[in-house]
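First to last, the sequence lines map onto chains Z and F.
Take the first sequence: its position 88, counting from 1, is numbered 88 in our numbering, and each next residue is one higher.
Take the second sequence: its position 21, counting from 1, is numbered 337 in our numbering, and each next residue is one higher.
We put the CB at the ideal spot given by N, CA and C, even for glycine.
The structure appears right after this line, and notes come after that.
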Amino acid sequence: MSEERILCYSEDIDLAGDLLRLARAAPGATGAKIHAVVLPGAPADAGDRLARAGAEAIHVVAGAANADPHVVAEMLRSLIAAVKPTVLLLASTKRGREVAGRLAGGLDLPAITGVTGLRFAANGIEVDRETLSGNAVSVERIPTRPAIVGVLPGTTGPAVAAASAERHDHALPAAPTPFCERTEVRAKPGGALEIEKSDRVVTIGRGLKKKEDLGIIEALAKAARADVGCTRPLAAEAGWLTDDHWIGLTGHRVHPKLYVAVGVSGAVQHLVGMRSSKIVVAVNSDPNAPIFAQADYGIVGDLYQIVPALTKALGG
Amino acid sequence: MVEKLRIGVAVKYGVDVSLARADRATGLVSLAGAPRKTSDFDLNAVEEAVRVREKHGGTVTAISVGGAEAKQSLREAYAIGADQGVLVTAAGAAAWDSRAVARLLAATIKKLGGFDLFLLGEGSTDHFAGLIGPRIAAELGVADIAYVRKLTIGPDGVVAEKDLEKEIEVLKAKYPVVVAVGQEINTPRVPNFMANLKASKKDVQTLAPADLGLAPEALAPAVLIDRTAVPEVPRKRTTVSGATPAEVAGKLVEALKGEGVLA
Ligand SMILES: Cc1cc2nc3c(=O)[nH]c(=O)nc-3n(C[C@H](O)[C@H](O)[C@H](O)COP(=O)(O)OP(=O)(O)OC[C@H]3O[C@@H](n4cnc5c(N)ncnc54)[C@H](O)[C@@H]3O)c2cc1C
Ligand SMILES: Nc1ncnc2c1ncn2[C@@H]1O[C@H](COP(=O)(O)O)[C@@H](O)[C@H]1O
């Protein structure tokens, strides 16, 4: 019988559900008690959704909503004192990583992020984690408990039968005061494309000379019935495409049948995002571009000549 | 009101991920023997620190934690324009994990008398954990802002634009503050030959954990790496060529039809 008490938190209730399912399915966790957290500001149905994802105990904290990682960390700190988990599972999102770091620093606990696999053993908590910019996986072990584990979004376990969750209400002695004042928040443009689910992707990199030339890429994508992807510089630096097109370590991970990389050098941080594509095509003017080593079909040539020809050959 | 900004910046001499190779027989990567370079975003952090000093005055101190070879990162920081370099090192440095590095950095910051602004990368190129910034901020009990794309310096604090997955937050924090940046915040200057030569001759101050009041037990790894492997994805690596773009395109489309990946 496992002695593990697993406390799961993400402000994104879908991701929190993924954490609960991962915890339930983790080898060595049979008989573990799985707890979930609802912080102020969560949607009204958060408790129900967490119960459906398998939470046996739900800890509801009263107070004012505040997304500041320091405030969230302080709230979780109170829950850690009350629940005494053996492991705190967080989502390895940007905020999740900050919360993990603040909690770990404040409590002097072991912490790890970018986790894609979780197992419990007598000699510690074992995880798989992405490393070397996502191109390697390491097996790491945390010998002491409690520990903080940040799980990469997309990692979960099979669906579970809904548990009847017990509810615990927590009132904090005092609301934690944030260090930072948030003066503005604005939504980023885009966000509609779910490129993780695309069957075909045509990705453009810095080989494209100017934003106006995106038209030839869009035409190719249309002819191939593909979505348009891009490398980090095109989204984050140039802003030619919105972040929902961005593929790689810090962008989206895609799993298409066909991936066409055009004017993309093939940096390791990009490759991790496209590694699980079935067939990869690369078009690049530099025969030594690293992308060719990761491609099934390579065309050495100028994209301004090759792309229109491809569009035509596809009937576009 | 801060008179003379004290700016600190953390630089990691990490594994060069584009050169790390797995052993053919085992698929395992030996991190100890892998080629190294300065973590990418740390050069953005140094560049930002130097730009802040150029505009507002103050001093820039770069700190690296690791083996003796990490001096290389401090030389690069000097070449970009850092005023002072500090190497925190000891015989067992290779085993230091995030917890140990954060404790050493926090202790170094205290030992040097603190900073108003402490810059670092939002993730190291090899480890990419994003833990060091918030860990040291929590240990020091100060503000931290990560994923910063734009930093504005004020008399008693900063205004920073933080890039989250779906939104941008504008945050205000008073000094002292820890700020973690990515590559979009600036383009690091490429030092010229003279700057590199001058940097290579500058002294680096060396500190040992004992100088910081940290015993070896305090730095024992909390996370152990059992093994690191590179998953190999087999690819055909076929070159498609022809006399004209149209011929090449035709051949590729035929091949893709054969693969059954076109709609
Ligand atoms: C921590 C970290 C995280 C990162 N995360 C990501 C990420 O998530 N996604 C990502 O993409 N990158 C990421 N990067 C950046 C990555 O390292 C590379 O800088 C980036 O992927 C390069 O983009 P690129 O291939 O478009 O540009 P480049 O590397 O500049 O390549 C452009 C290519 O176009 C070719 N080319 C030029 N002209 C033509 C032409 N006329 N016809 C055909 N080919 C042409 C060139 O030969 C070259 O190979 C990250 C970096 C770090 C350090
Ligand atoms: N050994 C180190 N020495 C100095 N700075 C470091 C070290 N390790 C990490 N850092 C800093 O912390 C940032 C985030 O690292 P990480 O938490 O590993 O993703 C890096 O970009 C560096 O600025």
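Closer than 9 Å to chain Z by CB, residue i
| i | result |
| --- | --- |
| Y463 (chain F) | yes |
| K371 (chain F) | no |
| K482 (chain F) | yes |
| F434 (chain F) | no |
| P351 (chain F) | no |
| R505 (chain F) | no |
| E364 (chain F) | no |
| T544 (chain F) | yes |
| S346 (chain F) | no |
| P471 (chain F) | no |
| I323 (chain F) | no |
| T342 (chain F) | no |
| D460 (chain F) | yes |
| S414 (chain F) | yes |
| S389 (chain F) | no |
| F444 (chain F) | yes |
| P450 (chain F) | yes |
Proximity below 9 Å, CB of residue i to CB of residue j
| i | j | result |
| --- | --- | --- |
| E220 (chain Z) | C230 (chain Z) | One point to set straight first is that residue 220 (chain Z) is Leu, not Glu, in the sequence displayed. In this structure, C230 (chain Z) does not lie closer than 9 Å to L220 (chain Z) by Cβ. |
| A393 (chain F) | G383 (chain F) | no |
| G266 (chain Z) | A293 (chain Z) | yes |
| V327 (chain F) | A361 (chain F) | yes |
| A386 (chain F) | L403 (chain F) | yes |
| R102 (chain Z) | D460 (chain F) | yes |
| H252 (chain Z) | D244 (chain Z) | yes |
| L39 (chain Z) | V61 (chain Z) | yes |
| T375 (chain F) | R367 (chain F) | no |
| A343 (chain Z) | A44 (chain Z) | What is shown of chain Z runs 1 to 316, which leaves residue 343 (chain Z) out entirely. |
| L172 (chain Z) | R206 (chain Z) | no |
| G114 (chain Z) | R451 (chain F) | no |
| I6 (chain Z) | T86 (chain Z) | yes |
| A538 (chain F) | A147 (chain Z) | yes |
| P153 (chain Z) | L15 (chain Z) | yes |
| A295 (chain Z) | R553 (chain F) | yes |
| H170 (chain Z) | L249 (chain Z) | no |
| G298 (chain Z) | N284 (chain Z) | yes |
| F179 (chain Z) | V486 (chain F) | no |
Contact set for residue i: own chain, Cβ-Cβ below 6 Å, skip 5 residues either direction
| i | result |
| --- | --- |
| L258 (chain Z) | R200, I279 |
| D442 (chain F) | G330, V331, V333 |
| I13 (chain Z) | A46, R49 |
Helix, strand or coil at residue i [DSSP, three-state]
| i | result |
| --- | --- |
| H35 (chain Z) | strand |
| Y394 (chain F) | helix |
| F509 (chain F) | helix |
| R97 (chain Z) | helix |
| T311 (chain Z) | helix |
| G273 (chain Z) | helix |
| S557 (chain F) | coil |
| T86 (chain Z) | coil |
| F292 (chain Z) | helix |
| V420 (chain F) | The amino acid occupying residue 420 (chain F) in the given sequence is Leu; Val does not appear at that position. It is helical. |
| H70 (chain Z) | helix |
| M1 (chain Z) | In this prediction, M1 (chain Z) has a pLDDT of 47, which is less than 50 and means its spatial position is unreliable; nothing more can be read from the coordinates. |
| V318 (chain F) | coil |
| D108 (chain Z) | coil |
Close beta carbons around residue i, own chain, < 7 Å, minus the five adjacent residues each side
| i | result |
| --- | --- |
| R505 (chain F) | E363, I396 |
| A163 (chain Z) | A51, G54, A55, E56 |
is_contact[residue i, chain F] using C-beta, thresh 9 Å
| i | result |
| --- | --- |
| I142 (chain Z) | yes |
| D108 (chain Z) | yes |
| K278 (chain Z) | yes |
| R318 (chain Z) | Outside the shown range of chain Z, which is 1 to 316, sits residue 318 (chain Z), and nothing can be said about it. |
| I112 (chain Z) | yes |
| E184 (chain Z) | yes |
| M1 (chain Z) | Confidence at M1 (chain Z) is low in this model, with a pLDDT of 47, below 50, so the placement of that residue is unreliable and no value is reported for it. |
| Y318 (chain Z) | Because chain Z is modelled from 1 through 316, residue 318 (chain Z) falls outside the range shown and cannot be assessed. |
| T156 (chain Z) | no |
| C180 (chain Z) | yes |
| E237 (chain Z) | yes |
| H270 (chain Z) | no |
| E98 (chain Z) | yes |
| S10 (chain Z) | no |
| P73 (chain Z) | In the sequence under discussion, the amino acid at residue 73 (chain Z) is Ala, which differs from the Pro named in the question. Closer than 9 Å to some Cβ of chain F, the Cβ of A73 (chain Z) qualifies, so yes. |
| V281 (chain Z) | yes |
| N340 (chain Z) | There is simply no residue 340 (chain Z) to check, as chain Z begins at 1 and stops at 316 in what is shown. |
Cβ shell of residue i (< 8 Å), same chain only, five flanking positions each side left out
| i | result |
| --- | --- |
| I195 (chain Z) | V201, D227, G229, D244, H245, I247, H252, V254 |
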